[in-house]
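Let me begin by presenting the structure, written as structure tokens, before commenting on it.
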Amino acid sequence: MKSPSNLFISLHHWASRQDENFTTESFAYLLRYLQGSEKLIFVKILSKLTNGLINSSDKVHQIEISTQSRLENTIQDIEIKTPDKLIFVEIKFGSPLNRTQVLSYLDLLQKKVNKPQNKMLVCLTRSPISSDITQGAFPLRWYQIAEWLEQASNSTDKEVSRFLIKSFIEFLEFQRSTLLKVSSPISDGLSKYRSVTGEASVLYNRFKSLDKLISINELKSLYEFLLLLFEAIKTFTDESKIKFDSTNDKSGNGSVIYNIDNGDYFVWLEYNRPEVLKFSTFHRISDIEQDYNEFGKTFYERQYKIIRWRNDIKIPEHFFEIGRDKQLDYLTKIVNENFEFAKSVTKPNGRKS
Numbered sequence: 606m607k608s609p610s611n612l613f614i615s616l617h618h619w620a621s622r623q624d625e626n627f628t629t630e631s632f633a634y635l636l637r638y639l640q641g642s643e644k645l646i647f648v649k650i651l652s653k654l655t656n657g658l659i660n661s662s663d664k665v666h667q668i669e670i671s672t673q674s675r676l677e678n679t680i681q682d683i684e685i686k687t688p689d690k691l692i693f694v695e696i697k698f699g700s701p702l703n704r705t706q707v708l709s710y711l712d713l714l715q716k717k718v719n720k721p722q723n724k725m726l727v728c729l730t731r732s733p734i735s736s737d738i739t740q741g742a743f744p745l746r747w748y749q750i751a752e753w754l755e756q757a758s759n760s761t762d763k764e765v766s767r768f769l770i771k772s773f774i775e776f777l778e779f780q781r782s783t784l785l786k787v788s789s790p791i792s793d794g795l796s797k798y799r800s801v802t803g804e805a806s807v808l809y810n811r812f813k814s815l816d817k818l819i820s821i822n823e824l825k826s827l828y829e830f831l832l833l834l835f836e837a838i839k840t841f842t843d844e845s846k847i848k849f850d851s852t853n854d855k856s857g858n859g860s861v862i863y864n865i866d867n868g869d870y871f872v873w874l875e876y877n878r879p880e881v882l883k884f885s886t887f888h889r890i891s892d893i894e895q896d897y898n899e900f901g902k903t904f905y906e907r908q909y910k911i912i913r914w915r916n917d918i919k920i921p922e923h924f925f926e927i928g929r930d931k932q933l934d935y936l937t938k939i940v941n942e943n944f945e946f947a948k949s950v951t952k953p954n955g956r957k958s
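When we follow the numbering used here, the leftmost residue of the sequence shown carries the number 606, and every step to the right adds one.
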């Protein structure tokens, strides 16, 4: 819950068209404050932010944090330097991150620092980004920053520190950048969206980023659900093997999809039945169609002329009443149960045809 006197939210009112710049400067300000007043917390946060590159062996007073640094033809959102280490932090809060940007920063780091172990590019985003884009960089999400700061606020007895940390966390919540519980049934939001816009489908154009949903208040629950589902899938496979996609058709239906392990598995939901989570494989499961009871059944795929597995699970109504952690536990359980089952019944040579 945001405070009526939240410092960052109040200031953001005057810079609402510069979300990324404002968030960058605010985060850098908080880091510099911690560097001067909470050295242990500062090192812990920076160590996590840089995946351990900055650690307790670095002298705090020798760590430099700057924003909007210009090097050659690039501008670094945040630059973190020690006498022998260099880290760029690329911050995205709404605008897309593309591979060309990532490559330009990686090339610049290559020129500036000889030792590979002493340089890093961090991509800090609100929503998951495809590993095709972030390859070579360290991907981070804002909700992780919020959780680390929450832990930090509990370890200090300084009122000013707690105030600033809590205020920044509230700002991230205000910007829908934290991992929240799914607040209401997805279908309710979709119905409201259709009634407000008059559109039969959610988005006629396919979209590749979850950030597309953030600005649409009626789709808040869909966005929250997809973020939790992504975290659940990460317990089954590496984040780099998860890709987001969407479909749409003129009939007014469409779907949002997570492609897992290079297309070996899929999990998706359709706009017309959003409380039904669908799991499937792209494998040849068997030579005959059969029913696996609670774990779905196989079906004949005409396009590829093979038999695949699929299981549809209706999300229980009470799911939207429980807390975030229990929602995540539920999704993690069904994701792992279903895909472990799919692994067990896949034929040895049943890869994509």
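Cβ coordinates follow ideal geometry from the N, Cα and C atoms, glycine included. Computed from a predicted model, the values in this text were never measured in an experiment.
- Counting C-beta pairs closer than 8 angstroms gives fewer than three between the segment 908-921 and the segment 838-857, which falls short of the contact rule.
- Nearest Cα to lysine 919 within the set Gly641, Lys717, Ser949 and Arg878: Arg878.
- For leucine 795, same chain residues with a beta-carbon under 8 angstroms away, outside a window of 5 residues either side, are Val807, Glu823, Leu824, Leu827, Tyr876 and Pro879 in chain order.
- Closest by C-alpha distance to phenylalanine 632, out of Leu777, Leu936, Asn719 and Ala742, is Leu777.
- When DSSP states are grouped into helix, strand and coil, glutamate 875 belongs to the strand group.
- For tyrosine 634, the closest C-alpha among the options Trp619, Phe613, Phe849 and Ser661 is that of Phe613.
- Isoleucine 734 and cysteine 728 have their C-alpha atoms some 9 angstroms from each other.
- The residue from Ile862, Phe946 and His666 with its alpha-carbon nearest to that of asparagine 898 is Phe946.
- The continuous alpha helix (DSSP H) containing arginine 767 extends over residues 764-779.
- Proline 744 carries a strand assignment under DSSP once its states are collapsed to helix, strand and coil.
- With contacts defined as CB atoms closer than 8 angstroms, valine 787 and leucine 833 qualify as a contacting pair.
- Taking phenylalanine 871 as reference, the option from Ser671, Asn660 and Arg913 with the minimal CA-CA separation is Arg913.
- Around threonine 937, the same chain offers Ala837 and Thr840 as residues with beta carbons nearer than 6 angstroms, after the five sequence neighbours per side are excluded.
- A contact is defined here as three or more CB-CB pairs under 8 angstroms, and the segment 654-666 fails this definition with respect to the segment 766-780.
- When C-beta atoms of the segment 748-761 are compared with those of the segment 717-727, fewer than three pairs fall below 8 angstroms, so the two segments do not count as touching.
- Taking a C-beta distance under 8 angstroms as the contact criterion, serine 814 and proline 744 do not qualify as a contact pair.
- The segment 816-878 contains, as complete alpha helix (DSSP H) runs of 4+ residues, the segments 816-819 and 825-838 (chain order).
- Straight across, the Cα-Cα distance linking aspartate 762 with glutamate 643 is about 10 angstroms.
- Here DSSP, grouped into helix, strand and coil, assigns tryptophan 914 to strand.
- In the DSSP assignment, serine 709 falls outside any beta strand (DSSP E) and lies within the alpha helix (DSSP H) extending over 704-717.
- In this structure, DSSP gives phenylalanine 887 a state outside helix and strand, which the three-state scheme calls coil.
- Looking at the DSSP output, serine 674 shares a beta bridge with Gln681.
- The Cβ atoms of threonine 655 and phenylalanine 698 do not sit closer than 8 angstroms to each other.
- Contact check for isoleucine 696 against isoleucine 685 fails: the beta carbons are separated by 8 angstroms or more.
- Val881 is the residue among Phe768, Val881 and Gln706 whose C-alpha sits nearest the C-alpha of proline 921.
- The shortest C-alpha to C-alpha distance from phenylalanine 835 to any of Tyr935, His888, Leu651 and Leu636 is the one to Tyr935.
- The DSSP assignment places 612-617, 624-642 and 644-654 as complete runs of the alpha helix (DSSP H) inside the segment 606-656, in order along the chain (cut-off: 4 residues).
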